[in-house]
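Right, one structure below, let's go through it.
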Amino acid sequence: MAIEVTVERSSEGTPTLTLAGSLDEHCNLGADVAEPPAGAVLNLAGIRRINSVGVLHWLKWIKALTEVKEIWVDAVPYNLVVQANHLVDFFGKAKVRSCLVPYYCPRCKTNVEREVKVEEVGPSQAPVKRCEKCNTEMDFDEVDEYFAFLRRDDALK
Amino acid sequence: MPSSEPALSAVVLDPQPGQARRLEDSVRAAGFLARPALSLDDFCSALGGGGSRVGVLAFETLWPQPQEKLKAVRAAARRARLVVAHADDSGRLRLGKRLWSSGAIDFFVPRSMPSAEFAEVMRQADADALLAAESPSGAARDPAGLLKLLRGLSASFANQRTVAGLLRELHVRLTSLVDYSLLQVFVPSGNDFTLFVFQTRPLAHELVWRLVEQTCEVLSHHAGRPVKPEELQIDDSTPVSGIAPEGDQANALEWRPVVFPMLAPNGLVGCMSLLVPSSQAEASRPDDALEFVSYQLATALGRVQLLETAARASLVDSLTGCHNRRYFEQVLSSEWKRSTRYALYLSVAVVDIDAFTQFNAIYGHQLGDEILRQLAGFLASQLRETDHLARLEGAQLAVLLPETGAPEASAVLERLRILVGSKALLVNEQHGPLQISVSAGVASYPACAVDSAEGLLERARTALRTAKAAGRDRVCIAALPGSEAVQAELVGHSETAEMRNFPRIPTRMNVRYLEVPDFEQGIARVMTADISAGGVALMGGSGQFKKNAFGLVFIENAQKAMLTRVVWTADGADGSRRAGLRFVSVSELDQMADVPRDRTGGRRALVVLPNDEIRLMVARVLRAAQVQATILEEGEEWPADLMLDQLALVVATQGGLRGPLASKLQGMSEHAGTRVVLINESGDRRQAVTSILSHRLRHLVAADEAFDEALFATLNKLLLGEYFGIRKYLLWGSRSQSWTVSYGEDRSAVLEGVRQLASEVRCHPRVTDLLVTAVDEMIINALYRAPPESGAQGKPVAVECGSDGRLLVVSVLDEHGRFKPSHLYAGLGRALENERNTIPDDSDSASLGFRIMLEALSQLAINVEPGRATEIIGIVDLRKSLREYRSSSPSVNLFTRE
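As they're listed, the protein sequences go chains E and P.
Read left to right, the first sequence gives residues 1 to 157 (my numbering).
Read left to right, the second sequence gives residues 158 to 1055 (my numbering).
Next up, the structure:
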């Protein structure tokens, strides 16, 4: 199985499905992931790889799922953001709440990913984040168009 | 604002009279009548009453419980727009931004915002509110999204700081608002107009040009003077979707033009024109909405143009015309980050005119200013394009030398010092020739062991003081903390001394050296002493190495030759000769004598290029490859005796492929031996790929900084007929690894191996992520060609990855021989169609795969030998920054052996 799923429930009972693994020709989302209820959250932080076959699997699955249910998406990783910037409706009608954003600490010289909530993102601007180790303000380590999918897809809904 | 217009008004919340006086002043300066409200209730009633459409307040007046208060305002005045001013250093900023993001606040602006910008915000707020008030008709047209989008425009435009950024934002927003195939925005620049083009799908060239002509007619009418299409400056920073195959005129009937001149009180500020579907029903036509957008755009354009002009002016020193201290500090900061991050050398020099006070006292300040101006101009003319010159203060100029170590920087400054002292920078009628001398202090990273950019600049200043104290007219190099700066000396040949550093790797490899173009010396077999991305040091030869001679170095295990030039020679203790050879760009071959005709092997090429610089470059490459070239300018008459089928090569740009060459190419047999190489000047990969498909081209070379290398590699492959293998792309096989993968096997180890090598050669982590995705795509592409009859396993595919520190090259080779060139063209074609951001259908993973590869790579080469093997080669240029990498177009080469 290419995708591993863990389920947690919040105190209000909202289930969060955390997906991990690769979205490729080996995954079968319909079979690997039990259909989440309406209001569920998909946490995608663990998806480390996606290829063209996986993109098609994903599109079919998420479109069918969100057509009938309200679904929230958290922690969209870098590789999925790149795809979402190329394909309209990459998340179907799901509402993206946060994505993983690459930062670089100029003092520690380390690359880190930080989860950024959609409301923190200004027009074409990543929010300021500080290094957890040295408290230095980190550099946003991507191009300005990184958040284009949020504005575009949000505008369509 | 013309006095005939009714005055606009805004309600300003002022709970303690006088407290909001500055805000009221700003509102008045923006051309609005300020109506003070003494309480929040008054504020709500004034806005709800409809007299004013805009409410202005200080963020602090909403505390405590700002959310509740904003809710109350919203409930009372649903259609009004709120402009909230905040203190720049307020700790409450984060909450304010959140409220702005959630829509509770419409415009969240700093109190320190310049009045011109604040005026634009106020006008946009008023226009936005006006639209909301007129919403019933608009909402009926598109209740779901139209109004929301239009309202969002003001806020998103208000945050843009550049014209290009503003128009990109317009394009992003507008694609969600209306369907259009082409958006053109004409922006005045000086006496001309700059044309920005955004396409959402391929179009016939004639259709694009017709819209340009129509818009020029409208512009001419409003500008009161002729605006000619051929005089437009075309902005090429924005990729377009491509030109549809010639002869495809069907789409001309599908689109209708709409043109909106953008007028402001002080005249024409530009024009926006679009092609929208002809078939759109009358009721759903978006023209009204677009007109509103053009109004919004006009005000925003005026604002960002003002900002751009101010930003440019704020970085230039008015006396010398070179950059000023503010610019220098900005560029020093960014170069410092780059150098510390990527372990690159960085040098700073501070140059000061000696005894400048005395010069002013003797000759007067006017001549003092003039000599300073002349010095700045002279230094600028002597520095490289990548260096930065700025005036710090008084007679002090600063030079920033990226990727330059201390010895090379001091050599540069020493050369400049000698040149300045040896000539009269200024000749005055009264005083005759005036000479000066300069002193300079140089500080370098990492030699100086400082931990900040400011520290580096300070060390350069300290070294300058040492130079002054030691008697002036000298260059001193900053040393480690605690030790004194030392005086620089210019040692040996200036070219050698100034050569900027590349990390050198000690290595022993067998190489052969052949001087060109005179081959009398024969081939020398020698060894490398060390090698870098910039050159190679050889040892063991006898008399072969002549200073400044060109030569070919064959690195045996790299299966390729590098063009070099000898920059230094020395005799070793054992009597053997040592030499330093710089890898040279083919542009330097101008200094080499012409290749005689009998060495060309009878191969001929045709070059049709518009640009002198590129034409010269291609001619040089062909001469290096010993091909006799016929060079034509675009539109030049076709020589009667030139037979296309008899040519080995045609090299042209998009423009060169129009006219007679295009028709001859169309008529050329698909199996003709002539290879056509397209130089992609526009930087638009989609446009180029379309051309490949429509003109039967297979070779596209991006005209970027590494253009000559990529073209040289492509022409070499074509002329030698050896397509397969990655080593042709590498200077030397410094590091390589290979794997095999079979169908059904886990390929994580291979991808991890590629990731690890990328990390070792300091590939940017984000670029590595993209590369690994592309390699995964290359592998599944190969695996899925395994013949079904051979079982699920099929033949394994071979993956090879190598790097020479400049390029990271990955090859995936399968020997199934099932990849047909026609499939390749079709896949690339579909990849192009999917650039419209549409979701591909189930059968389209191949085209999606190609697109993923194109997005991730600097070069994509596909070698196909039908029935035998297919190799996909992906190349990442490690020298590019992330931003350059993500915004540049790849070279695409399809080598097929028919």
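Think of the CB as a built atom: it goes at the ideal place given N, C-alpha and C, for glycine as much as any other residue.
In this text, all values refer to a predicted model and were calculated from it rather than measured experimentally.
In terms of beta-carbon proximity, lysine 494 of chain P lines the interface with chain E, with at least one pair separated by less than 7 Å. Three or more Cβ pairs drawn from the stretch 620-633 of chain P and the stretch 560-576 of chain P lie within less than 8 Å of each other, which places the two stretches in contact.
For the 7 Å CB-CB criterion, phenylalanine 216 of chain P and valine 184 of chain P do not form a contact.
At a C-beta separation below 7 Å, isoleucine 262 of chain P has no neighbours in chain E, since its nearest C-beta there lies roughly 13 Å away. Rounded to whole angstroms, tryptophan 896 of chain P and leucine 19 of chain E show a C-alpha spacing of 29 Å. Using a Cβ-Cβ cut-off of 7 Å, arginine 1040 of chain P is close to Val143 of chain E, given in chain order. Within the same chain, His328, Leu331, Phe355 and Leu431 come within 7 Å of leucine 340 of chain P by CB-CB distance, once the 5 residues on both sides are set aside.
Residue pairing of methionine 429 of chain P in beta bridges, as defined by DSSP: P:Val342 and P:Phe417. With fewer than 16 other beta carbons inside 10 angstroms of its own, glycine 381 of chain P counts as exposed.
Contact between the stretch 893-911 of chain P and the stretch 1003-1011 of chain P is absent: fewer than 3 CB-CB pairs across the two stretches fall below 8 Å.
DSSP, read as helix, strand or coil, puts cysteine 99 of chain E in strand.
Put simply, the backbone Cα of glutamate 387 of chain P is about 31 Å away from that of arginine 1043 of chain P.
Annotation for phenylalanine 350 of chain P: the continuous beta strand (DSSP E) segment containing it runs 349-356. By a beta-carbon distance limit of 8 Å, histidine 379 of chain P does not contact leucine 324 of chain P. Their separation comes to about 20 Å. Legend: CB atoms of the stretch 916-930 of chain P lying less than 9 Å from CB atoms of chain E belong to residues His921, Pro922, Arg923, Asp926, Leu927, Val929 and Thr930. Taking the C-beta atoms as reference points, glycine 459 of chain P is found no nearer than 7 Å to valine 344 of chain P. Boundaries for alanine 568 of chain P: no beta strand (DSSP E) harbours it, while the alpha helix (DSSP H) harbouring it runs 563-578, taken from the DSSP string. Annotation: the continuous beta strand (DSSP E) that includes cysteine 633 of chain P extends over 632-634. Nearest Cα to threonine 351 of chain P within the set P:Val375, P:Ala727, P:Val335 and P:Ile391: P:Ile391. Among the residues facing chain P, asparagine 135 of chain E is not included, as its CB has no counterpart in that chain under 7 Å away. Only buried fits isoleucine 1030 of chain P, as 16 or more other CB atoms lie within 10 angstroms of its CB. Spatial neighbours of alanine 194 of chain P in its own chain (CB-CB distance under 6 Å, excluding positions within 5 residues in sequence) are listed in chain order as Val168, Leu170, Phe200 and Ala203.
Among the residues facing chain E, isoleucine 510 of chain P is not included, as its CB has no counterpart in that chain under 7 Å away. Assignment of beta-bridge partners to histidine 57 of chain E by DSSP yields no partner.
In this structure, glycine 54 of chain E keeps its C-beta atom at 7 Å or more from the C-beta atom of threonine 14 of chain E.
Excluding five sequence positions before and after glycine 253 of chain P, the CB atoms of its chain that fall closer than 6 Å to its own CB belong to Phe216, His243 and Phe265, given in chain order.
In the DSSP assignment, tyrosine 337 of chain P falls outside any alpha helix (DSSP H) and carries neither an H nor an E. Taking the Cα of aspartate 687 of chain P as reference, the smallest distance to any Cα among P:Ala736, P:Phe707 and P:Gln701 is reached at P:Ala736.
Here DSSP, grouped into helix, strand and coil, assigns methionine 1010 of chain P to helix. Taking 7 Å as the upper bound on Cβ-Cβ separation, chain P lies near residues Glu25 of the stretch 15-31 of chain E.
Per the DSSP secondary-structure output, tyrosine 670 of chain P pairs in a beta bridge with P:Ala681 and P:Val710.
For glutamate 274 of chain P, the CB contacts under 7 Å within the same chain, skipping 5 residues up- and downstream, are Arg460 in chain order. For glutamate 934 of chain P, the nearest beta carbon of chain E is closer than 7 Å to its own beta carbon. Counting C-beta pairs with one atom in each stretch, the stretch 79-88 of chain E and the stretch 108-126 of chain E have fewer than three that are closer than 8 Å, which means they do not touch. A direct Cα-to-Cα measurement between arginine 722 of chain P and valine 966 of chain P gives close to 26 Å. The straight-line gap separating the alpha-carbon atoms of glutamate 672 of chain P and alanine 706 of chain P is approximately 7 Å.
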